[in-house]
Every structure is written in C-alpha cells, then in structure tokens.
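My numbering puts the first residue of the sequence shown at 1, with every later residue one more than the last.
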Amino acid sequence: MREGIKRLFDVIASGAGLIVLAPLLLVVAVWIKLDSSGPVFFMQQRAGRGERPFSIFKFRTMQHRAPESIDQHQEQVVSAGHDPRITRAGRVIRATSLDELPQLINIFKGDMSVVGPRPVLMEQTEVVPPGYKKRFSVRPGLTGLAQVRGRRSLGWLEQLAHDAEYVEKQSLALDLKILLLTVKVVVMGSGIYGEPGLNWRTYRDRLNGQPPKDSDVEEAMR
C-alpha cells in the first residue's frame, strides 16, 4: 500500500516537475552549451534497486572528457570547493543542485524515487558491507536522509549508515520530512563542500582485497 502510494506520488511529482520546470531546464541547457563545449547531459551507470544498473541523467557540470576521479594530492583542494574540472556554469549549477533536476526523467521511468538512498556507482556496490546492502532494497532517490544530514560532507561509511536507517524507518511521513529538509538544505547551500570523512575509494584501498565489514560502519558512527 505504502509503496503503491509512493510510486503514484513519484509519477505525478516527476511528471509535473518536468512540465513546470521545462523553461528552467531549457535555460540551464543553453547556459551549459554557451559556457563550455560538450553535451548538455552527463549520463552514467548507477546501481538501482536490487543493484540493477541504470543510466542516470544529470546536467554536465565538468569539462567535457574530464577524468571522473582525482588523485589524493588534489582531494584537499576539491573538498574546499576548487575542483579544476568544474566549469564556471557548473559551479553555480552544483551549488543550487540544478544538476540533479534531469533525474526527474529517471523518477518518471521508475529507475528512481523522489526520496531514497542516492544511487551509487556500480563499482561502489563492492564496498558496501553485507548488513548495509539493504539500501538496495528500495529505489534510489533524488534526495535522502544522508543528503539532509550532511550531503557531500559525509564520509562513505556515514552515508551507508544513514541509508540503512532510512530503509529501516521508511514511511510516507519520513519522506515528507526529508523533502522539507531538502528545501532548507538547498536554499542554505549546506554540505556542498567541506572536509568529508573516509571516501569510498580510500576505504576500498584500506580493505586491501578483504571484504567490507559491518563493524567498519558502526565504528565510523561512534
């Protein structure tokens, strides 16, 4: 019952959003084309419900063909908000979360939900401890509990903890609360940059081929 109501809300909200926001989406698309060469949209394989892959839509905010990852020497610079890969338009688009709006298409298609754990890269599924795989039991979301509790400033293990908490406590009331908090976070620009905890690549390196453990997440949350 709850899932059916949530899916109905997703279809109505995403459909209405695409119609109402069409002028804004067009303006952003034109701005991206004028600001730098390359496509308007950035598409990437992400892990959906049941870890099934799907193509996520985002407005491109980086230079075309820029490397997706950075070396550790650059991490401190990037966390401070000075990623050289990001375009001038992209900096504003990211700060206002406009880059996420094309995901309304994913929501309408059924790949995603308005609220849920954020979709991760396929390779990130390998560094999710067994007890936190539950995050893949629901559709990934445009916004989620981790996004209103720290956004990009959270470390990988902290994000997993919040994702699992959402799955355990999921309800329509919680979804509404997250939506309201998301508006506040976006308006205030909270958590866009900062000093995050352990990122997933560093965590993977530290595992050194060993499987991820639930206790790693529990320790990170102490």
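Yeah, the Cβ is synthetic: ideal placement off N, Cα and C, and Gly gets one too.
- A Cβ-Cβ distance of about 5 Å is found for the pair ARG204 and VAL127, placing them in contact under the 8 Å criterion.
- Secondary structure at GLY141: strand, using DSSP grouped into helix, strand and coil.
- Selection LYS109, LEU160 and VAL40 evaluated against GLY131 yields LEU160 as nearest (Cα-Cα).
- Looking at the DSSP output, PRO53 bridges to ALA47.
- Distance from the CA of PRO67 to the CA of ALA173, rounded to the nearest whole angstrom, comes to 40 Å.
- Runs of beta strand (DSSP E) with 3 or more residues, each lying fully within the segment 102 to 173, are found at 113 to 115 and 141 to 143, listed in chain order.
- Within the same chain, Cβ atoms closer than 7 Å to the Cβ of ILE93 are found at VAL28, PHE59, THR61 and ASP99, the five residues on either side in sequence being excluded.
- In this structure, DSSP gives MET62 an extended state, which the three-state scheme calls strand.
- Taking PHE136 as the centre and dropping the five residues before and after it, the same chain places the C-beta of ALA47, ARG49, GLY50 and GLU51 closer than 7 Å to its C-beta, in chain order.
- ALA89 and VAL183 have their C-alpha atoms some 22 Å from each other.
- Annotated as distal: GLY144 and SER113, with beta-carbon spacing of 7 Å or more.
- Straight across, the Cα-Cα distance linking LEU121 with SER55 is about 10 Å.
- With a 10 Å radius around the Cβ and a threshold of 16 neighbouring Cβ atoms, ILE19 comes out exposed.
- If you look at GLU218, you'll find it in the alpha helix (DSSP H) that goes 214 to 220.
- Taking all protein chains in view, the Cβ of ALA22 is surrounded by fewer than 16 other Cβ atoms within 10 Å, so the residue is classified as exposed.
- For ILE93, the enclosing alpha helix (DSSP H) covers residues 88 to 95.
- ILE12 is classed as exposed because its beta carbon has fewer than 16 other beta carbons within 10 Å across all chains shown.
- The C-beta of ASP214 has fewer than 16 other C-beta atoms within 10 Å across all chains shown, which makes the residue exposed.
- Inclusion of THR87 and ASP10 in the CB contact set at 7 Å is not warranted, their separation being larger than that value.
- The beta carbon of ALA164 sits closer than 7 Å to the beta carbons of TYR132, LYS134 and ARG135 from its chain, once the five residues preceding and following it are set aside; these are given in chain order.
- Distance check between ARG201 and each of PRO117, GLN63, THR125 and GLY15 places THR125 closest, using alpha-carbon atoms only.
- If you ignore the 5 residues before and after ARG139, its C-beta comes within less than 6 Å of the C-beta of ARG49, MET112, SER113 and GLY116, all in its own chain and listed in chain order.
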